[in-house]
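>
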Amino acid sequence: MSTMRIAPTSQRERVLGGLFRAALFVSLAVGILTLIWLIFSVVKEGWPRLNLDVLFHFPSSNPELAGAQSAIMGTIWVVGMTAVITIPIGVGAAIYLEEYADRDRWWNRLIELNIQNLAAVPSIVYGILGLAFFVRGFLGLGQTVLAAALTLSLLVLPIVIISSREAIRAVPDSIRQGALALGATQWQTIWRQVLPASIPGMATGSILALSRAIGEAAPLVLLGGLTFITFNPEGLDSAFTVLPIQIFNWISRPQQEFHVLAAAAIVVLLVLLVAMNGIAIFLRNKYQRKW
Amino acid sequence: MSTTVTPASPSRPARRLGEARPRYGERIVKALLFLCAAVSVATTAGIVVALAGPTIEFLGEVPLKDFLFGTEWRPLFSPPDFGVMPLVSATIVVTACALVVCIPFGLGAAIYLSEYARPGVRKALKPVLEVLAGIPTVVYGFFALTFLTPVLQDIWLFGDPPSVFNALAAGLVMGVMILPTVASLSEDAMAAVPQGLRQGAYALGASKRIVATKIVVPAALSGIVASFVLAISRAVGETMIVLIAAGGTPNLSLNPAEAMQTMTAFIAAAGLGDQSTGSTGYQTIFAVGALLFIATFVMNIFSIRLVRKYREVYE
């Protein structure tokens, strides 16, 4: 900083300051107003079809009869399985990085850099990975619930790891030192002290990660195509569709009735997401301890 | 003869003072946890391997120069053309539209939250902004196609109005989606600027606006630029919005009112049609995917480096 003129508050500066403040407020309002517009218009568009048929009818070529039952059950199967796969691995990785990893070792730094990068890799690239290894190639699972769950697990793994690490980091060192001083081993300290204390934070982060998985369509478009599924999944090797894919399917049809149906399904999806986020916030507020 | 130290009892192995009994269970646990962390590295390796094989085969048939600089993308024609330029230009156009929204408004929101808003206001507004980042991308695509495009068509003042599918609506909506990312990362960077810098400027008689624009923003610049780079990376990699709202025709044009197909939209559209493994059509998914991965990878690493830089300076 060589020469910087910092004028005392003048009349001109007061006007500029007010305008600047107003511009900043408009910036914030752009996002919030768009959100309100989006929610309002989607609910209005989908209103005629917002009834239980959306939940309990199967997809059909007749928009009057069509519903998203198989997509809702597919979402539950795929995201449930994603949780089973990704949470243990994510929490394990977070414990390793926070409690064991020596930052001076190059491989530990590589793992950290790698996780940060993976969190920003486009989701469609995970779809390509899933297509190459899980659907065809190595595992050859076909277009099944398990292939989709594995793909989404890898997609949300960085989010689970990052949020679990924050939860572990929030546990003060004095807890660990106390346990170690009483003769506990490192793993006993982690298992009986650190983990119980960080579970609320991990649960919150994991739920948020899974709500990302629920809304994700791009990688699954690549995995499963837009198959017309009129039955609920019965197992991990079952064909499937999920809500975002069903919505995409309806959007891409020319008939207006299907767009109304898509809007109704979007409302269902958003309600599901709000519920999950509500649970996450509730858990955080109720169980998180201040040390 | 020197005295040799002998074990106290031949049956028990010698142990130095302070040496712990080896705990194999602990080591197994540590190894298992390391494996969990290694899954992430395996994922990156998997992505590279998955992309590399078919891409190399593809480049065996289509010269790299024709792929990167060719101006016609007609993979299903006979004879096919594999010039990726139309897909790249569409990606750039959509990204530019997104940046027009997310950079000024994201930065403005960040300055407001960091420098102007009272703690209570910030605590109330920030989660609302974060909701924008949590809305599924199909929903944004639907919004762009059904609600924003008609509005743009109505208010269009110059030239031909946007077509039903257009890059502009997709890009603008994408900008709103990325806005919280820019706002949140920039705000983090501004929060890391030491309070002393602000107080020093106030002591010299600077107004709040001057402190925000001439002190805080320059001091947090590397973090702010990191958030911009990450925003570009997100926009380039976003799929569903462009697939739904920007159209499915490769179009080498810089006019955002036209329909065009981005790299991501091509990959998704090609995946929709069931391509047989090993066909050139199947390989194009991977070749375009490799290009996308390399572009976003470079930006992500650059952004991570910048964030580290400001953390080192201030924390």
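Protein sequence lines correspond, in order, to chains A and B.
Using my numbering, you'd call the opening residue of the first sequence number 8 and step up by one each time.
Using my numbering, you'd call the opening residue of the second sequence number 64 and step up by one each time.
The C-beta atom is built at its ideal place from N, Cα and C for all residues, glycine as well.
1) Exposed or buried, what is Y373 of chain B when buried is set at 16 or more other beta-carbons lying within 10 Å of its beta-carbon?
2) What is the rounded straight-line gap between the Cα of A291 of chain A and the Cα of M209 of chain A?
3) Entirely within the segment 216-248 of chain B and at least 4 residues each: give me those alpha helix (DSSP H) ranges in chain order.
4) For the candidate residues A:V228, A:L157, A:T211 and A:L23, whose alpha-carbon lies nearest to that of F289 of chain A?
5) Count the other C-beta atoms from every protein chain shown that fall within 10 angstroms of the C-beta of A298 of chain B, then say buried if there are 16 or more, exposed otherwise.
6) Would you tell me roughly how many angstroms separate the C-alpha atoms of V361 of chain B and A331 of chain B, rounded to the nearest one?
7) State yes or no: is the C-beta of T302 of chain B within less than 8 Å of the C-beta of T327 of chain B?
8) Given that E307 of chain B touches chain A, what residues does it touch there, using C-beta distances under 9 Å?
9) If contacts are defined as beta-carbon pairs under 8 Å, then L268 of chain A and L250 of chain A qualify, I think. What distance do you get, rounded to the angstrom?
10) Is the beta carbon of I168 of chain A sitting closer than 8 Å to the one on A101 of chain A?
11) Can you tell me which of the three DSSP states W136 of chain B falls into?
12) So, with DSSP's three-state summary, where would you put A71 of chain B?
13) Mapping the DSSP letters down to three states, classify D144 of chain B as helix, strand or coil.
14) Quick check: the Cα distance between A127 of chain A and N363 of chain B, rounded to an integer number of angstroms?
15) What residues of chain A sit near C160 of chain B, judged by a beta carbon separation below 9 Å?
16) Report all residues from its chain with a CB closer than 6 Å to the CB of L153 of chain A; omit the five preceding and five following residues, and keep chain order.
17) Just reading off the alpha helix (DSSP H) that T106 of chain B is part of, what are its end residues?
18) Count the other CB atoms within 10 Å of the CB of L139 of chain B; is the residue buried (16 or more) or exposed (fewer)?
19) Could you name the residues of chain B that G358 of chain A contacts, counting a contact when the two beta carbons are closer than 8 Å?
20) Step through the CB atoms of chain B and report whether any lies within less than 8 Å of the CB of I273 of chain A.
21) Taking Cβ to Cβ, would you say V239 of chain B is nearer than 8 Å to G190 of chain A?
22) Less than 8 Å between the C-beta atoms of S160 of chain A and I92 of chain A, yes or no?
23) Is Q123 of chain A close to chain B? Criterion is C-beta to C-beta, closer than 8 Å.
24) With DSSP collapsed to three states, give me the class of E1 of chain A.
25) Counting only the same chain and skipping the five closest in sequence on each side, list residues whose C-beta sits under 6 Å from that of Y294 of chain A.
26) Apart from the five residues on each side of it in sequence, which residues of its chain come closer than 8 Å, Cβ to Cβ, to F65 of chain A?
27) Mind checking which residues open and close the alpha helix (DSSP H) that includes E119 of chain A?
28) Classify T66 of chain B as buried or exposed, calling it buried when 16 or more other Cβ atoms lie within 10 Å of its own Cβ.
29) Could you tell me if G147 of chain A is buried or exposed, where buried requires 16 or more neighbouring beta carbons within 10 angstroms of its beta carbon?
30) In this structure, how does DSSP classify Q262 of chain A when only helix, strand and coil are distinguished?
31) Establish whether the CB of S9 of chain A and some CB of chain B are separated by less than 8 Å.
32) Measuring CA to CA, which of B:L231, B:L195 and B:S366 is closest to S316 of chain B?
33) Can you give me the C-alpha to C-alpha distance between G231 of chain A and A101 of chain B, rounded to a whole angstrom?
34) For a test of the three-state rule: what should DSSP assign to V163 of chain B, helix, strand or coil?
35) Taking the Cβ atom as the reference point for each residue, do V191 of chain B and L235 of chain B lie within a distance shorter than 8 Å?
Considering the structure as presented:
1) Classification for Y373 of chain B: buried.
2) The sequence given here places Arg at residue 291 of chain A; Ala does not occur at that position. Roughly 9 Å separates the two Cα atoms.
3) For the segment 216-248 of chain B, not a single whole alpha helix (DSSP H) run of length 4 or above is found.
4) Among A:V228, A:L157, A:T211 and A:L23, the Cα nearest to that of F289 of chain A is on A:T211.
5) By the 16-neighbour rule on beta-carbons within 10 angstroms, A298 of chain B is buried.
6) Whole-angstrom Cα-Cα distance: 22 Å.
7) Contact check for T302 of chain B against T327 of chain B passes: the beta carbons are separated by less than 8 Å.
8) It should be pointed out that residue 307 of chain B corresponds to Ile in this sequence rather than to Glu. Below the 9 Å Cβ cutoff, chain A contributes F255, I258 and S259 as neighbours of I307 of chain B, in chain order.
9) The pair is not a contact, with the Cβ atoms about 12 Å apart (cut-off 8 Å).
10) Yes, they are a contact pair.
11) In the structure shown, W136 of chain B falls within a strand segment according to DSSP collapsed to helix, strand and coil.
12) With a pLDDT of 48 at A71 of chain B, under the threshold of 50, the predicted position of this residue should be treated as unreliable, though the coordinate-derived value follows. Of the three classes helix, strand and coil, the one that applies to A71 of chain B here is coil, per DSSP.
13) DSSP places D144 of chain B in strand when its eight states are reduced to three.
14) Cα atoms of A127 of chain A and N363 of chain B: separation of roughly 7 Å, rounded to the nearest angstrom.
15) Result: empty, since nearest Cβ-Cβ is about 14 Å, beyond 9 Å.
16) In its chain, beyond the 5 residues on either side, L243 have a beta carbon closer than 6 Å to the beta carbon of L153 of chain A.
17) T106 of chain B: member of the alpha helix (DSSP H) spanning Y87 to E124, first to last residue.
18) Counting Cβ neighbours within 10 Å, L139 of chain B comes out exposed, since fewer than 16 surround it.
19) Coverage of chain A is limited to positions 8 through 298, which leaves residue 358 of chain A absent and any answer about it impossible.
20) For I273 of chain A, the answer is yes, since a Cβ of chain B falls inside 8 Å of its Cβ.
21) Going by C-beta atoms, V239 of chain B is not nearer than 8 Å to G190 of chain A.
22) Annotated as proximal: S160 of chain A and I92 of chain A, with beta-carbon spacing under 8 Å.
23) It does: the Cβ of Q123 of chain A has a partner Cβ on chain B nearer than 8 Å.
24) This structure cannot speak to residue 1 of chain A, because chain A is shown only from 8 to 298.
25) P207.
26) For F65 of chain A, the CB contacts under 8 Å within the same chain, skipping 5 residues up- and downstream, are A73, G74, Q76, S77, T237 and F238 in chain order.
27) Annotation for E119 of chain A: the continuous alpha helix (DSSP H) segment containing it runs W113 to L125.
28) Legend: pLDDT at T66 of chain B = 49, less than 50; position of this residue unreliable, value from coordinates given subsequently. By the neighbour-count definition (other C-beta atoms within 10 Å, threshold 16), T66 of chain B is an exposed residue.
29) With fewer than 16 other beta carbons inside 10 angstroms of its own, G147 of chain A counts as exposed.
30) Here DSSP, grouped into helix, strand and coil, assigns Q262 of chain A to coil.
31) Note that S9 of chain A scores a pLDDT of 46, beneath 50, so its modelled location is shaky; the value from the coordinates is reported in the next line. The beta carbon of S9 of chain A sits no closer than 8 Å to any beta carbon of chain B.
32) Here the closest residue by C-alpha is B:L231.
33) The alpha-carbon atoms of G231 of chain A and A101 of chain B are separated by roughly 28 Å.
34) The answer is helix: DSSP assigns V163 of chain B an H, G or I state.
35) No, the pair does not count as a contact, with Cβ atoms beyond the cut-off.
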